[in-house]
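First to last, the sequence lines map onto chains E and V.
Per this note's numbering, the first sequence starts with residue 4, numbered consecutively.
Per this note's numbering, the second sequence starts with residue 4, numbered consecutively.
Ideal Cβ placement from N, Cα and C applies to all residues, glycine included.
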Amino acid sequence: MTRPYLGIFFLSIVGVANAAVMMLASHLASPFRPTVAKGSPYESGMLPLGGTRERFSVQYYIVAMLFIVFDIETIFFFPWAVIYRELGLFGFWEMVVFIAVLAVGLAYAWKKGALEWT
Amino acid sequence: MSGASDVAGQVGYLRALLPEIVLTVSALVVLLVDVFQRGEHRGPSGSSVRWLSVIGVLLAAAANVTLISLGPAGPDALVALDGFRVLANFIILGATLLGLLFAFDYLKREGLEIGEFYALLLLASVGMMILSGAQDLVLIFLGLEMMSISVYVLTAFNREDPRSAEAGLKYFLIGAFASAFFIYGVALLYGATGTTHLVRMASVLSHGHPGLLTAGGAGLLLIGFGFKVSAVPFHAWAPDAYQGAPTPVTGYMASGVKAAAMLALFRVLWVSLGSVQGYWHGTIWWLAVLTMVVPNLVALVQDDVKRMLAYSSVAHAGYLLVGVAAGGPLGRGAALFYLVVYTLMTVGAFAVVYVVAGKGDRHSHLADFRGLGWRRPWLAGALGIFLLSLAGFPPTGGFVGKLYLLRAAVGSHQPGLAVILVLTSLVAYYYYLRVVWKMYFEDAPADVPEPDVTGRAFRFGAVLCVAGILVAGLVPGPAVDAAGSAGLTGASAPSVDESVASTAPGARQDAKPRTHPRRAAARAQE
Chain E
4 MTRPYLGIFF LSIVGVANAA VMMLASHLAS PFRPTVAKGS PYESGMLPLG GTRERFSVQY
64 YIVAMLFIVF DIETIFFFPW AVIYRELGLF GFWEMVVFIA VLAVGLAYAW KKGALEWT
Chain V
4 MSGASDVAGQ VGYLRALLPE IVLTVSALVV LLVDVFQRGE HRGPSGSSVR WLSVIGVLLA
64 AAANVTLISL GPAGPDALVA LDGFRVLANF IILGATLLGL LFAFDYLKRE GLEIGEFYAL
124 LLLASVGMMI LSGAQDLVLI FLGLEMMSIS VYVLTAFNRE DPRSAEAGLK YFLIGAFASA
184 FFIYGVALLY GATGTTHLVR MASVLSHGHP GLLTAGGAGL LLIGFGFKVS AVPFHAWAPD
244 AYQGAPTPVT GYMASGVKAA AMLALFRVLW VSLGSVQGYW HGTIWWLAVL TMVVPNLVAL
304 VQDDVKRMLA YSSVAHAGYL LVGVAAGGPL GRGAALFYLV VYTLMTVGAF AVVYVVAGKG
364 DRHSHLADFR GLGWRRPWLA GALGIFLLSL AGFPPTGGFV GKLYLLRAAV GSHQPGLAVI
424 LVLTSLVAYY YYLRVVWKMY FEDAPADVPE PDVTGRAFRF GAVLCVAGIL VAGLVPGPAV
484 DAAGSAGLTG ASAPSVDESV ASTAPGARQD AKPRTHPRRA AARAQE
C-alpha cells in the first residue's frame, strides 16, 4: 500500500541530505574574513534608513486585499475559459453568478471609499 | 448543443439549494442597501437593513419548507436532500432569527448598529447550512470556513472593547488551527479511499481493508470537529470567546455554530465512517464523557453568569455528543430534538443576561441578579424558564430532550453514558438554580443598576423562546416524531438500533464483522 510513495520518501531523504552536505561543506571549506561592508544587512543594497517597526496606513491592506480578490478572479477565469465549450450554458451562468457576487463586493468597497486614497 | 437539457437539470439543483441561495442573496442585498444608504458615513444603519435581514431569514425558511416535498437527491449529490438537512436548516434559521431579534436592542445600546453585522450573520448561517447539509468533505470544509470566518468577525465586532477583540483573536487563531487539522484529516481520508464524497467513501471503506491512513484521517477529522463543537479537551477557547463576544453573538455562536458542527459531525461519522466504528467510537465515547464532566464541574465555581452559561453550553456539547455516540435513528432524533430545545434556551438565556448586564456588559456578576424576580418579573421569569430547561426540569423541553438522549444511549447499549449524563445533570442543578435563587430569594441592594427596558423585537423573541420550550416540554410528540423520522442519506448501513438491524434481512451478518459500539465502549472503559 505504501509502495508508490516509497520514491517520495527517498527523494525527501536525498533532498535533505543534499542541502545539509552543501551547507556543511561551505561552512567547513570557506575562508572567514568579515568586513564592515560584508556585515551590513544588504551587502549591495541601500542602507536601512530607520527601524522596521513602522506603522503603515491601513489603506495599504485594503488595496492589497482587493488586488488579491480580483487577481484570484482572473486565475479562475483561465481554466473556465479552457473548458468553456464543454461546460455549455451551465458554465456561462455559473460564471455570471460568480462575477455578480464579486461585483457586489466591488460596489460595496467602492461605495465605502476603499478605492480612494486620502 | 446539450446546453438546453443541461440547464433543465440545473433548475432541479437550484430548487434543492433554494434556502441557501435565498439567504445568500438577502445577505448581499443587505450589504448593498446599507452601503448605498450610508456611503462613507460612519453613523448607525437605518432600520431597513434589520427588517430586510429578518425577511431574508423568513424567506429562506419558506424555501426550506419546499425542500420537504423534494425527493432524495441521489447518491452522488454534493448536498444531501434528506429530512436531516431540512431539520438542520430549520434549527440554524431559527437560531439566526432569534439572534437577529435579540441583537437589535443590544446593537442600539452599544452603538454598533452597523449593516455589516446583519450581512455577516446571514452569511454565517449560509455557511452553517452548507456545513450540515453537504455530503462531500471538501464542501463541508467550505461551509465550515464560510461559517467560521463570519463568526470570527462577529466575535470581534465590538472592536472598541478589548475583551471582544481578545475573544475574536483567540477564536480566530484556534479556529484556524482546527481548520488545519480538519483539512489534513480530509487529505488522509482521500488518500485512503480515493474520494471525498461521504457515501462513496462509505462503500469503499466497507469493501476494502481500512488501514492506518483511515484511522489517522478519522482522528484528525475528530480533532477538527472537536474544536468546532468545543468538546473537552479542545474547549479551552470557548469560555473566553463566549465571554468576550458581544452577547447576542455569544448566543448565536453557542447555538448555531454548535448545532451545525455537531450535525455535520454526525453525518460524517455515521455516513462515511459508519463501517469503521472501531476507529472512532471509543474516542467519541470519551469525548462525550469528558465534555459532560469537566465543564459542569468548572461551571460550579463561576461567579459571572455569562461565563457560567459559556461553560454550560460546553457541557451541553457533551450531552449532544451522547446522541452522536448513540447513532442510529434514535441518536439522530435525540440530537436533533435536543438541538431545537437547546437553541431556544441558550439564545434566550444569553439575551436576558445582556439586558441585566447593562451598557458595556459590565454587570453580569451573579450578585447583579439579586432581586431581579421582583424588579423585573417578566425578564426574570423568562430567564428562570431558560435556566430550568437548561438544567432539565419538567415540564420544559430540556427535560424531554435529556430523556430522549437517555433513551438513545440505553437503546444503543451504552448505559455508562446514560448514567454519566444523569449524574452531571444533577451537578449542574447547583449552578443553574443558584441564579434562580439569587433572582427570587435575595433582596437587591439599593444601588443595583436597573436593567434596560426591552424593545418589541426582544420581547417577541423571548416569547418565542419560552413558548417553544414549554411546547417542547408539554406536547413533545410532533417535534419528537419529526426529529425521529428525519432520514439521513447513506446511513442505512450499520445501525446501532437493534430493531432496525434485526428487521432488515441480511443486516445481521452484515453487521457482524464491525465493532459493536457496546464492545468498543467496553474496551474504552477498561
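Annotation for S258 (chain V): no alpha helix (DSSP H) segment contains it, and DSSP assigns it neither H nor E. Ranked by how close their Cα comes to the Cα of V14 (chain V), the residues E:W83, E:V24 and E:W96 have E:W96 in first place. Among the CB atoms of chain E, none fall inside 8 Å of the CB of G118 (chain V).
When the five nearest sequence neighbours on each side are left out, the beta carbons in the same chain lying within less than 6 Å of the beta carbon of L140 (chain V) are those of V189 and T199, in order along the chain. Per the Cβ contact rule, the stretch 100-113 of chain V is in contact with the stretch 443-461 of chain V (3 or more Cβ pairs under 8 Å). Per DSSP, the continuous alpha helix (DSSP H) segment holding P481 (chain V) begins and ends at G480 to G487.
Check the Cα spacing between R379 (chain V) and each of V:G321, V:F402 and V:E453: the tightest is with V:E453.
In the three-state DSSP reduction, V107 (chain E) falls in the helix class (H, G or I). Residues of the stretch 69-87 of chain E with a Cβ closer than 9 Å to any Cβ of chain V: none.
Judged by DSSP secondary structure, I24 (chain V) falls within the alpha helix (DSSP H) whose first and last residues are L21 to R41. Listed along the chain, the chain E residues whose CB falls inside 7 Å of the CB of E43 (chain V) are K115 and G116.
H200 (chain V) has V:D139 as its beta-bridge partners, per DSSP. Residues L55, S56, I58, G59, V60, L62, A63 and L125 of the same chain have their beta carbon placed closer than 8 Å to that of S29 (chain V), with the five preceding and five following residues left out of the count. Rounded to whole angstroms, the separation of the alpha carbons of P37 (chain E) and L50 (chain E) is 18 Å. Between the stretch 259-270 of chain V and the stretch 288-295 of chain V there are fewer than three inter-stretch CB-CB distances shorter than 8 Å, so the stretches are not counted as touching. Contacts between Y64 (chain E) and chain V, judged by CB atoms closer than 7 Å, are missing: the closest CB pair is about 15 Å apart. In this structure G102 (chain V) touches P251 (chain V) by the C-beta definition: roughly 6 Å separates them, less than 8 Å. Under the Cβ distance rule, V61 (chain E) does not count among the residues neighbouring chain V, no pair being separated by less than 8 Å.
Taking all protein chains shown into account, H238 (chain V) has 16 or more neighbouring C-beta atoms within 10 Å of its C-beta and is therefore buried. If you draw a straight line from the Cα of S206 (chain V) to the Cα of G219 (chain V), it comes to about 19 Å. Close CB contacts of T346 (chain V) within its chain, under the 8 Å cut and outside five residues either way in sequence, are with I94, G97, A98, L101, S258, G259 and A262 (chain order). The Cβ atoms of E116 (chain V) and S209 (chain V) lie no closer than 8 Å to each other.
Around the beta carbon of N67 (chain V), 16 or more other beta carbons sit within 10 angstroms, so the residue counts as buried. With contacts defined by Cβ atoms closer than 8 Å, L290 (chain V) and K231 (chain V) do not form a contacting pair. Here the stretch 147-158 of chain V lies against the stretch 166-179 of chain V, with 3 or more beta-carbon pairs under 8 Å apart. Judged by beta-carbon spacing, I388 (chain V) lies beyond the 8 Å limit of V327 (chain V), meaning their Cβ atoms are not closer than that value.
Annotation: the continuous alpha helix (DSSP H) that includes A64 (chain V) extends over S50 to S72.
Listed along the chain, the chain V residues whose CB falls inside 9 Å of the CB of V104 (chain E) are T27 and L31.
With a threshold of 8 Å between beta carbons, A110 (chain E) makes contact with chain V. Not one beta carbon of chain V lies nearer than 8 Å to the beta carbon of V99 (chain E). Between H366 (chain V) and A360 (chain V), the alpha-carbon positions lie close to 4 Å from each other. Taken in chain order, the unbroken stretches of alpha helix (DSSP H) that lie wholly in the stretch 337-396 of chain V and span 4 residues or more are 375-378 and 380-394. By the neighbour-count criterion, in which a residue is buried when 16 or more other Cβ atoms sit within 10 angstroms of its Cβ, K41 (chain E) is exposed.
Contact check for M348 (chain V) and G285 (chain V): beta-carbon distance about 31 Å, past the 8 Å limit, so the pair fails to qualify. Beta-bridge annotation (DSSP): D307 (chain V) is paired with V:H368. Contact annotation: the stretch 423-431 of chain V does not touch the stretch 349-356 of chain V, with fewer than three C-beta pairs closer than 8 Å.
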